[in-house]
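What follows is a single structure, written as structure tokens, with notes after it.
Protein chains: 2
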Amino acid sequence: MKKVSHSSDACSLAKSMEILGEWWTLPILQEALLGTKKFNDFYNNLGIAKNILSVRLNKLIEEGLMEKKAINPNSKRSYYLLTQKGLSTATIIIALIQWCDKWILSPGEIPMILKDRLTNKKIPNLKIQNESGDEINIWDIITTPGPGATKSIDYRFK
Amino acid sequence: MKKVSHSSDACSLAKSMEILGEWWTLPILQEALLGTKKFNDFYNNLGIAKNILSVRLNKLIEEGLMEKKAINPNSKRSYYLLTQKGLSTATIIIALIQWCDKWILSPGEIPMILKDRLTNKKIPNLKIQNESGDEINIWDIITTPGPGATKSIDYRFK
Chain A
1 MKKVSHSSDA CSLAKSMEIL GEWWTLPILQ EALLGTKKFN DFYNNLGIAK
51 NILSVRLNKL IEEGLMEKKA INPNSKRSYY LLTQKGLSTA TIIIALIQWC
101 DKWILSPGEI PMILKDRLTN KKIPNLKIQN ESGDEINIWD IITTPGPGAT
151 KSIDYRFK
Chain B
1001 MKKVSHSSDA CSLAKSMEIL GEWWTLPILQ EALLGTKKFN DFYNNLGIAK
1051 NILSVRLNKL IEEGLMEKKA INPNSKRSYY LLTQKGLSTA TIIIALIQWC
1101 DKWILSPGEI PMILKDRLTN KKIPNLKIQN ESGDEINIWD IITTPGPGAT
1151 KSIDYRFK
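Those protein sequences? They're chains A and B, same order as listed.
Residues in the first sequence are numbered from 1 upward in steps of one, following our numbering.
Residues in the second sequence are numbered from 1001 upward in steps of one, following our numbering.
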């Protein structure tokens, strides 16, 4: 990334981290993306304390990333389901997994492989692409102030 | 994502978050991706306490995401530069920014726009693609145990 002149704005990044950065939140979302729906399955699969799981699930519901729905109209039991907003965290979670698998673990240590169901081939690493789909270098990204840039951000872009 | 049978493994995700999840670490990396190199520029641009900035930069050096290099052979002043491992966090940071801009902020609140320097067009949102470059649906991703799957993970994949 290259600044137009002199700037950064951690604002969007910081806002995402406020919602997603609490311990256990991303593993719960990953578990939901893997298909888990029931409280006890989250509990058993994650090895998380029930009270913390409950707090985190309620926060995710409050933030609109998950919703709680009765398994059927006569049941008191519920499913915890991802909303579109929750499903959209998949790119964040996959980016974190791929970075770890490439830079932290040795090839023999990789615990889980993500594959395309239709081709049974490994999902390639996420790429930063331009509008035409060409991969672009990080230093070819420039930043400009958006409509919500504050005065201090505007100043830094000058 | 769809499980082959019944599993999740938060391991790679958790390992990434151990390194990147501390408060200020991602904003420092974003600032470095935006071109900041000097301690005082990180300090001024981020509004972070000097002692915390120092601890975080040293941790990033220790973890191999950044390196400290003298500005020139005769200088006592240093640049903090991203390594390839640090540069590779760009997909994580961009995924977090794009998620916030799409799901948290209204269009008028977006503080910063990422553009391709060559075309001056906005960088599109990251896509999950298969080997051929086709975008795939999150539910068409399946997970299989990797070479480093532990016994408990293997069991859960059965």
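Quick reminder that beta carbons are idealized off the backbone N, C-alpha and C, glycines included.
All of these numbers come straight from a predicted model, not from anything done at the bench.
Neighbourhood of residue i by C-beta, 8 angstroms cutoff - its chain only, sequence neighbours within 5 removed
{"i": "Ile-136 of chain A", "result": "Ile-128, Gln-129, Asn-130"}
{"i": "Leu-1065 of chain B", "result": "Ile-1019, Leu-1029, Leu-1082, Thr-1083, Lys-1085, Gly-1086, Thr-1089"}
{"i": "Glu-22 of chain A", "result": "Arg-56, Lys-59"}
{"i": "Lys-1076 of chain B", "result": "Ala-1070"}
Neighbouring residues, chain B, relative to residue i (Cβ below 8 angstroms)
{"i": "Lys-115 of chain A", "result": "Ile-1141, Ile-1142, Thr-1143, Thr-1144"}
{"i": "Pro-124 of chain A", "result": "Gln-1129, Asn-1130, Glu-1131"}
{"i": "Lys-167 of chain A", "result": "The structure shown does not extend to residue 167 of chain A, since chain A is modelled only from 1 through 158, so no value can be given for it."}
{"i": "Ile-61 of chain A", "result": "By Cβ distance, chain B contributes nothing, its closest Cβ being about 15 angstroms from Ile-61 of chain A, past 8 angstroms."}
Sequence-distant residues of the same chain with beta carbon closer than 7 angstroms to residue i, five excluded per side
{"i": "Asn-45 of chain A", "result": "Glu-31, Thr-36"}
{"i": "Lys-50 of chain A", "result": "Tyr-43"}
{"i": "Ser-1078 of chain B", "result": "Lys-1068, Lys-1069, Ala-1070, Ile-1071"}
{"i": "Ile-52 of chain A", "result": "Trp-24"}
{"i": "Ala-95 of chain A", "result": "Leu-126"}
{"i": "Ile-1093 of chain B", "result": "Leu-1026, Leu-1029, Gln-1030, Leu-1033"}
{"i": "Ile-1061 of chain B", "result": "Glu-1067, Lys-1068"}
{"i": "Ser-54 of chain A", "result": "none"}
Supposed close pair residue i, residue j - CB separation, criterion 8 angstroms
{"i": "Lys-122 of chain A", "j": "Ile-110 of chain A", "result": "That belief does not hold up - the Cβ atoms of Lys-122 of chain A and Ile-110 of chain A are roughly 10 angstroms apart, past 8 angstroms."}
{"i": "Lys-1015 of chain B", "j": "Ile-104 of chain A", "result": "5 angstroms"}
{"i": "Phe-39 of chain A", "j": "Ile-28 of chain A", "result": "Not confirmed; about 11 angstroms, so no contact."}
{"i": "Leu-1026 of chain B", "j": "Leu-1020 of chain B", "result": "6 angstroms"}
{"i": "Trp-24 of chain A", "j": "Arg-56 of chain A", "result": "5 angstroms"}
{"i": "Thr-91 of chain A", "j": "Leu-1126 of chain B", "result": "5 angstroms"}
{"i": "Lys-1115 of chain B", "j": "Thr-144 of chain A", "result": "6 angstroms"}
{"i": "Pro-1107 of chain B", "j": "Pro-147 of chain A", "result": "7 angstroms"}
{"i": "Gly-1133 of chain B", "j": "Gly-133 of chain A", "result": "7 angstroms"}
Contact set between residue i and chain A, taken where Cβ atoms lie within less than 7 angstroms
{"i": "Leu-1057 of chain B", "result": "None at all; the shortest Cβ gap to chain A is about 15 angstroms."}
{"i": "Glu-1109 of chain B", "result": "Gly-148"}
Chain-ordered chain A contacts of residue i [CB-CB under 8 angstroms]
{"i": "Lys-1121 of chain B", "result": "Asn-130, Glu-131"}
Partner residues on chain B for residue i, Cβ-Cβ distance less than 9 angstroms
{"i": "Ile-52 of chain A", "result": "Those within 9 angstroms of Ile-52 of chain A in chain B number zero; the least Cβ separation is about 14 angstroms."}
Contact test: residue i Cβ vs the ligand ZN heavy atom, cutoff 6 angstroms
{"i": "Asp-1116 of chain B", "result": "In the structure shown, the ligand ZN is absent, as is every other ligand, since no ligand is present at all."}
Cβ of residue i within 7 angstroms of any chain E Cβ
{"i": "Ile-138 of chain A", "result": "Among the chains of the structure shown, chain E does not appear; the protein chains present are A and B."}
Cβ-based neighbour list, residue i, same chain, cut-off 6 angstroms, excluding 5 preceding and 5 following
{"i": "Ile-223 of chain A", "result": "The structure shown does not extend to residue 223 of chain A, since chain A is modelled only from 1 through 158, so no value can be given for it."}
{"i": "Glu-63 of chain A", "result": "Ile-19"}
{"i": "Met-17 of chain A", "result": "none"}
{"i": "Leu-118 of chain A", "result": "none"}
- Name the residues in the stretch 1065 to 1095 of chain B whose C-beta lies less than 8 angstroms from a C-beta of chain A; which are they? Lys-1085, Leu-1087, Ser-1088, Thr-1089, Ala-1090, Thr-1091, Ile-1092, Ile-1093, Ile-1094, Ala-1095
- Item | contact_flag[the stretch 70 to 87 of chain A, the stretch 1073 to 1087 of chain B] where n(CB pairs < 8 angstroms) is 3 or more | Short answer: they don't touch.
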